[in-house]
Structures are given as C-alpha cells and as structure tokens.
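*Asks:*
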Amino acid sequence: MLTIIVPVYNEEPAIPGFHEQMTGAMDKSGIAYELLYVNDGSTDCTEQLLSTLGAKVVHLERNMGYGAAIKVGIKIPRRRRSQLSTVTAPMIRTILSNL
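Per this note's numbering, residue 102 is the first one in the sequence shown, and the count goes up by one each step.
1) Starting from Tyr110, follow the beta strand (DSSP E) in both directions and report where the run begins and ends.
2) Alpha carbon to alpha carbon, how far is Ala156 from Glu135? Give it in angstroms, no decimals.
3) Taking its Cβ as the centre, do 16 or more other Cβ atoms sit within 10 Å of Gly174, making it buried, or is it exposed?
4) Counting only the same chain and skipping the five closest in sequence on each side, list residues whose C-beta sits under 6 Å from that of Met127.
5) What residue ranges within the region 138-178 form continuous beta strand (DSSP E) runs of no fewer than 3 residues, ordered along the chain?
6) Closest to Glu112 by C-alpha separation, out of Gly131, Ile177, Leu103 and Tyr167, would be which residue?
7) Quick test of your reading: Ile105 and Leu137, contact by CB under 8 Å. State the CB separation rounded to the nearest angstrom.
8) Along the alpha helix (DSSP H) that carries Ala126, what are the first and last residues, could you check?
9) Taking 7 Å as the line, does the beta carbon of Pro114 fall inside it for any heavy atom of the ligand GDP?
In structure tokens, the structure reads:
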C-alpha cells in the first residue's frame, strides 16, 4: 500500500479540490493507497474539514513548520513506500509518475 503524506497549514480552501483530484486519480490507478494529512496547527477550519473526508489525519497542536510536519507523517505509515505531496504542488502528475 502506498501512503501519500500531505502536510497542510491553513489550507481550508484548497483541500476539497485537492482531495477530490487525488482520490479520483488514485482510484483510477488501481494502486492501493491511503492519504495521510498532517495538519500543522492550522488556525482556520482545516481541522474540521479534514475530519469530514474519511482520510487518516494527524493534528499537531501548534504550527511546527513544514519539515516537522513531514517528519511526523513519515513516522506514521508502516508501509513499504511513501510519497510526499503538498496541497499547492502539481501533485497528481508528480505522484503517479514516481510510482
């Protein structure tokens, strides 16, 4: 199974579109996957929004920075392969091309 780690900080407006595109592309790929969102202490409604998606979510109590969020995400999966992505990156093409 592939774990896609997605660190987010105050990304409330971008998450629904990202989640829809990512799950759509991964579902079509036939690859077993899970999305792991790491909420890096967001102060907007990111935490509430993530809880409605049905994805795996880790909430950090305060903003610790992008690098720390990635490190937390890397420690969580117990799978063989992980791929990093950000909500603002050209994510789907990059992820699928690296598989």
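Glycine included, every Cβ here is placed at the ideal spot set by N, Cα and C.
*Replies:* By the coordinates alone:
1) Counting along the chain, Tyr110 falls outside any beta strand (DSSP E), and DSSP gives it neither H nor E.
2) Glu135 and Ala156: Cα-Cα distance of roughly 7 Å.
3) If you draw a 10 Å sphere on the C-beta of Gly174, you find 16 or more other C-beta atoms in it, and that means buried.
4) Tyr134
5) 157-161
6) Tyr167
7) With a beta-carbon spacing of about 7 Å, Ile105 and Leu137 fall inside the 8 Å limit used to define contacts.
8) Here the alpha helix (DSSP H) through Ala126 covers Ile116 to Ser130.
9) The model on display carries no ligand, and the ligand GDP is accordingly not part of it.
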